[in-house]
Amino acid sequence: MQTIFVMVKCALGEAYSVADAAVQNVEKVSEVYSISGQYDLLMKCYLDDDQDIGHFVNEQIQRLPNVKDTFTMITFKAFS
Numbered sequence: 003m004q005t006i007f008v009m010v011k012c013a014l015g016e017a018y019s020v021a022d023a024a025v026q027n028v029e030k031v032s033e034v035y036s037i038s039g040q041y042d043l044l045m046k047c048y049l050d051d052d053q054d055i056g057h058f059v060n061e062q063i064q065r066l067p068n069v070k071d072t073f074t075m076i077t078f079k080a081f082s
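With this note's numbering applied, the sequence shown corresponds to residues 3 to 82, in that order.
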């Protein structure tokens, strides 16, 4: 299992609808947070080890209605 974080910039006034669409329609999205700064949302996603990150972001996140831009962070190790 690999964990990625995707920051999402939304169309003005659409952050809540994008967050709802991601939670309801994208199985691999585990959590969505509203954030401040250049991006509106932070999505935590758990992907299978053999799943292509680029294809997932392109086909599942960037194609959600009202998504304008994304920035993906790939994780290596979780410390607890």
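Backbone N, C-alpha and C fix where the C-beta goes; we use that ideal spot for every residue, glycine too.
Residue of the options minimising C-alpha distance to residue i
i	options	result
residue 66	38, 7, 11	11
residue 33	39, 22, 40, 41	22
residue 15	56, 70, 48, 7	70
residue 20	45, 7, 6, 39	45
residue 49	59, 38, 30, 40	30
residue 6	26, 59, 68, 38	59
residue 27	4, 61, 54, 13	61
Contact test: residue i Cβ vs the ligand SAM heavy atom, cutoff 8 Å
i	result
residue 32	You won't find the ligand SAM in this model; it holds no ligand whatsoever.
Inter-residue Cα distance where the pair is residue i and residue j
i	j	result
residue 17	residue 43	7 Å
residue 72	residue 9	5 Å
Segment limits, beta strand (DSSP E) that includes residue i
i	result
residue 73	69–76
Bridge-paired residues (DSSP) for residue i
i	result
residue 46	7, 33
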